[in-house]
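**Student:** UniProt numbering puts the sequence shown at residues 1 to 530. Ideal Cβ positions, reconstructed from N, Cα and C, are used throughout, including at glycine. Can you read through this structure? Questions will come right after.
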Amino acid sequence: MKRPTAIAKRPSQRRGGAAVWLLVLVGLASAGGYAWWRSVEAQKAAAAMTDAVLHKVDRQDFSLQITERGEIQSAGGVEVKSEVKTLGAAGISILRIIPEGTQVEPGDFLVELDSSSLQNDRLLQQINFNTAEASVIEAQNLYDTAVIAVKEYVNGLFVQEKQTIESEIFVAEEDLSRAKEYVEYSKRLAGKGYVSELQLQADRFAVENAQKALDAAKTKLMVLEDYTRAKTVKTLESDAAIAQAKLKSLQNSYQLESDKLRDIEDQIAKCVITAPAAGTVIYAHGDRPQGGGGGGTEFVVEEGAAIRERQTIIRLPDVSSMQVVVDINESLIQHVKEGMPAAVKLVGGDGKVLKGRVSKVNQYAEPTNWRRANVKDYKAYVAIESEPGQLKTGMTASVTISAMYVPDSIVTPVQSVYAHGDKLYCFVQEGDAVVPKEVTVGPTNDRFFVVESGLDVNDEVALNPRALASQVALPEISADEKQQAVDNGADWRKLQEEQQEPKPAATASAGERTTAAKTSKSTAGVGQGG
């Protein structure tokens, strides 16, 4: 019997079997990798759950309180200012000043300023005044003389000259009449042969001469009345007008010199300042700004200190009406409005809290110096509504302004919010894992954020998101998002380096600056991630 002969396998069959085995091996490797990944993720979740410090989100009334320190001042009272004009940059020095804290009554002495330069100015100005006065007297006499000259000519010299000419006309008419009579008489005598022809011609010449004399006198009168009088009056009136103009000019100069002298005397009188009202003397120390370069020097009221015009030297406060003046940072000023309630507590006092209310908020930032060039503060005035008691101006008080109140709002602690790129996240427990949830937050009071979206009541959030950042699945950040974060003011490299747990924010106390922000991108007190 023959044994069966083995048939050789084709190459294609051999290749097909190898592919099957390869697929089986790849499947086993994938299953193993997936099982390993699930194991690692489970370990991460378990580790995250183990490391997470959880806080349950709830609803509560949110309040934003801004606490600042400020100086107590009188809301009323009187400010005593220097009214002495200072031409130089240095100002005018204080010679004497009443001690601070002195109780004064109206009219009591307060300050004496140095008037020595004004005394010298008054002496020189007195000379100028006397010279101007003499010039006015001289000009007045010249003007009066010119006015009299016009009247003298119109009512005197002209009339006198006219009468003289009229007399000449009368004489000429009489001479002409006699000459005509002689001619007629000579004609009769000549007819009888008693008068020669030569004599007759002489008498006729006398008539013509008398006529010409009469015509000349009449012409002289006409010239006097029609031309000479008008010309002379015009000249005299012009002289009077010129004298009057010079007089007015000198009178104006005299008035100017007189005003200068009076002003200097008034300035000398204002060098001695008396109390306009009753009160306790408080020196107006403070910062005095310098010229355009920014910065300033501290000004102290004392003997020898230089005072500028309109600078406050002394305050006489009205103790029945007191207020606290505080500086509010520009990041908070939008929350502070007139009429907001405030609590006032004296620093270093017995802890008694006084009721107050915001009475005024300045619309413009205060001047800055080179040390705080990038810090903008706004003045706010808080009127104290409680009985002031022993409050004194110049004391330091802590003011807490109730700037915002949001009832029944979802809140989460500030340390539970984690910044990743340009978004904010909270790490929330879901089952056995901690997962990131994107959130949108509103105002903050340095302890809590108002959550606008992303969280619900009873969600448990991690208070240590920095420690868990490497254990949760945060989305990848693109290069554009990184650049956007830099453009928004965040230093991306610094954010990568700051991988440490932030300290929990403490409740604002007296003198501490409370910060607030309303943003969904970056905010004070939140973790930064990369």
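1. What do you get for D259, buried or exposed, if any count of 16 or more other CB atoms within 10 angstroms of its CB means buried?
2. In angstroms, rounded to a whole number, what distance separates the CA positions of D318 and E83?
3. Might you give, ordered along the chain, the residues of its own chain that have their beta carbon closer than 6 Å to the beta carbon of L250, omitting 5 neighbours on each side?
4. With DSSP as the reference, please indicate the residues paired to P436 in a beta bridge.
5. Mind checking who N329 pairs with in its DSSP beta bridge?
6. What is the DSSP secondary structure of H335, counted as helix, strand or coil?
7. Measuring alpha carbon to alpha carbon, tell me which residue in Y405, V414, D480 and I148 is nearest M340.
8. Identify every residue that forms a DSSP beta bridge with F109.
9. Please tell me whether V435 and L424 are closer than 7 Å, where the distance is taken between their beta carbons.
10. Whose C-alpha, out of N458, D422, T444 and I92, is nearest the C-alpha of E430?
11. Quick one: is M322 buried, meaning 16 or more other Cβ sit within 10 Å of its Cβ, or exposed?
12. Residues in its own chain within less than 7 Å of E385 by CB, not counting five upstream and five downstream?
13. Tell me the rounded alpha-carbon separation between D266 and V382.
14. I'd like the list of long-range same chain contacts for R310, defined as Cβ closer than 8 Å, with 5 residues on each side in sequence excluded.
15. Using only alpha-carbon positions, find the residue among K376, F299, I148 and V272 that is nearest to Y283.
16. How many angstroms separate the CA atom of T507 from the CA atom of G286?
17. Just the C-alpha distance for N464 and F448, rounded to the nearest angstrom, thanks.
18. Kindly indicate the opening and closing residues of the beta strand (DSSP E) around T312.
19. Would the beta-carbon of G70 fall within 7 Å of that of V399?
20. Are S115 and I264 closer than 7 Å when you measure CB to CB?
21. Strictly by DSSP, which residues pair up with T444?
22. DSSP three-state call for S167: helix, strand or coil?
23. What is the rounded straight-line gap between the Cα of A517 and the Cα of K360?
24. Which of the three DSSP states, helix, strand or coil, is assigned to Q390?
25. How is E138 classed by DSSP in three states: helix, strand or coil?
26. Am I right that V441 and V450 are in contact with their C-beta atoms under 8 Å? What's the rounded C-beta distance?
27. If you follow the alpha helix (DSSP H) that M222 is part of, which residue opens it and which one closes it?
28. Once the 5 residues before and after K85 are set aside, which same chain residues still bring their CB inside 7 Å of it?
29. By alpha-carbon positions, which one of S196, A278 and L189 ends up nearest to D108?
30. For I268, does the three-state DSSP call read helix, strand or coil?
31. Would you kindly work out how many angstroms separate the C-alpha atoms of A462 and A469, rounded to a whole number?
32. Straight-line CA distance for L113 to V147?
33. How many angstroms separate the CA atom of N120 from the CA atom of I313?
34. For P475, does the three-state DSSP call read helix, strand or coil?
35. Starting from P407, follow the beta strand (DSSP E) in both directions and report where the run begins and ends.
36. Would you check if the distance between the CB atom of V324 and the CB atom of I92 is smaller than 7 Å?
**Tutor:** Looking at the atomic coordinates:
1. Position 259 of the sequence shown, counted from the start, is the residue given in the question as residue 259. Exposed, because fewer than 16 other Cβ atoms sit within 10 Å of the Cβ of D259.
2. To locate residue 318, count along the sequence shown from 1; it is residue 318. To locate residue 83, count along the sequence shown from 1; it is residue 83. Roughly 22 Å between the two C-alpha positions.
3. For this step, residue 250 is matched to residue 250 along the sequence shown. Cβ neighbours of L250 beyond the five flanking positions: S135, V136 and A139.
4. Within the sequence shown, numbered from 1, the residue matching residue 436 stands at position 436. In the DSSP output, where bridge partners are listed per residue, P436 has F427.
5. Looking up residue 329 in the sequence shown gives position 329. Residue pairing by DSSP places N329 opposite D377 in a beta bridge.
6. Reading the sequence shown from its first residue, position 335 is the one you call residue 335. Shown here, H335 sits in a helix according to DSSP, grouped into three states.
7. Your numbering for residue 340 matches position 340 in the sequence shown. Nearest C-alpha to M340: Y405.
8. Looking up residue 109 in the sequence shown gives position 109. Answer by DSSP bridge pairing, in chain order: T274.
9. Reading the sequence shown from its first residue, position 435 is the one you call residue 435. Reading the sequence shown from its first residue, position 424 is the one you call residue 424. When the beta-carbon positions are compared, V435 and L424 stay at least 7 Å from each other.
10. Position 430 of the sequence shown holds residue 430. When each option's Cα is compared against that of E430, the closest is N458.
11. Numbered from 1 along the sequence shown, position 322 holds the residue referred to as residue 322. Burial call: buried.
12. Numbered from its first residue, the sequence shown carries residue 385 at position 385. So the list reads K355, G356 and R357, once near-sequence residues are dropped.
13. To locate residue 266, count along the sequence shown from 1; it is residue 266. To locate residue 382, count along the sequence shown from 1; it is residue 382. Going by the C-alpha atoms only, they are around 39 Å apart.
14. Translated into positions along the sequence shown, residue 310 becomes position 310. Within the same chain, Cβ atoms closer than 8 Å to the Cβ of R310 are found at K81, S82 and E83, the five residues on either side in sequence being excluded.
15. Here residue 283 corresponds to residue number 283 of the sequence shown, with the count starting at 1. Y283 has its Cα closest to that of F299, out of K376, F299, I148 and V272.
16. Translated into positions along the sequence shown, residue 507 becomes position 507. Translated into positions along the sequence shown, residue 286 becomes position 286. With a pLDDT of only 36 at T507, under 50, the local geometry of the prediction cannot be trusted, and the value read off the model is given with reservation. Taking the straight line from one Cα to the other gives about 32 Å.
17. Along the sequence shown, one-based indexing puts residue 464 at 464. Along the sequence shown, one-based indexing puts residue 448 at 448. Cα to Cα, the separation comes out at about 15 Å.
18. Stepping through the sequence shown from its first residue, residue 312 is reached at position 312. Counting along the chain, T312 sits inside the beta strand (DSSP E) bounded by residues T312 to L316.
19. For the purposes of this step, residue 70 is identified with residue 70 of the sequence shown, where counting begins at 1. For the purposes of this step, residue 399 is identified with residue 399 of the sequence shown, where counting begins at 1. With contacts defined by Cβ atoms closer than 7 Å, G70 and V399 form a contacting pair.
20. Working through the sequence shown from its first residue, we reach residue 115 at position 115. Working through the sequence shown from its first residue, we reach residue 264 at position 264. For S115 and I264, no; Cβs fall outside 7 Å.
21. On the sequence shown, position 444 is the one that residue 444 refers to. Partner(s): F449.
22. As a first step, residue 167 is located in the sequence shown; it is residue number 167 there, counting from the start. S167 falls in the helix class under three-state DSSP.
23. Stepping through the sequence shown from its first residue, residue 517 is reached at position 517. Stepping through the sequence shown from its first residue, residue 360 is reached at position 360. The predicted position of A517 is uncertain, since its pLDDT is 35 and thus under 50; a value taken from the coordinates is nonetheless stated next. Roughly 23 Å between the two C-alpha positions.
24. As a first step, residue 390 must be located in the sequence shown, where it is residue number 390. Here Q390 sits in coil by DSSP.
25. For the purposes of this step, residue 138 is identified with residue 138 of the sequence shown, where counting begins at 1. In the structure shown, E138 sits in a helix (DSSP, three-state: H, G or I).
26. Start at 1 with the first residue of the sequence shown, and residue 441 comes out as number 441. Start at 1 with the first residue of the sequence shown, and residue 450 comes out as number 450. 7 Å between Cβ atoms; contact.
27. By 1-based counting over the sequence shown, the position of residue 222 is 222. E197 to V223 is the extent of the alpha helix (DSSP H) around M222.
28. By one-based count along the sequence shown, residue 85 stands at place 85. Hits under 7 Å: Q267 and E309.
29. The count along the sequence shown starts at 1 and reaches residue 108 at position 108. That would be A278, whose Cα lies nearest to the Cα of D108.
30. What you label residue 268 is simply residue 268 of the sequence shown in a count that begins at 1. I268: helix per DSSP, three-state reduction.
31. Here residue 462 is taken as the residue at index 462 of the sequence shown, counted from 1. Here residue 469 is taken as the residue at index 469 of the sequence shown, counted from 1. Approximately 11 Å between the Cα atoms of the pair.
32. Here residue 113 is taken as the residue at index 113 of the sequence shown, counted from 1. Here residue 147 is taken as the residue at index 147 of the sequence shown, counted from 1. So the two alpha carbons sit approximately 51 Å from each other.
33. Within the sequence shown, the letter at position 120 stands for residue 120. Within the sequence shown, the letter at position 313 stands for residue 313. Rounded to the nearest angstrom, the two C-alpha atoms are 25 Å apart.
34. Indexing the sequence shown from 1 puts residue 475 at position 475. DSSP places P475 in coil when its eight states are reduced to three.
35. For the purposes of this step, residue 407 is taken as residue 407 along the sequence shown, with counting starting at 1. Per DSSP, the continuous beta strand (DSSP E) segment holding P407 begins and ends at T396 to P413.
36. To locate residue 324, count along the sequence shown from 1; it is residue 324. To locate residue 92, count along the sequence shown from 1; it is residue 92. Here V324 is not near I92, since their CB atoms are 7 Å or more apart.
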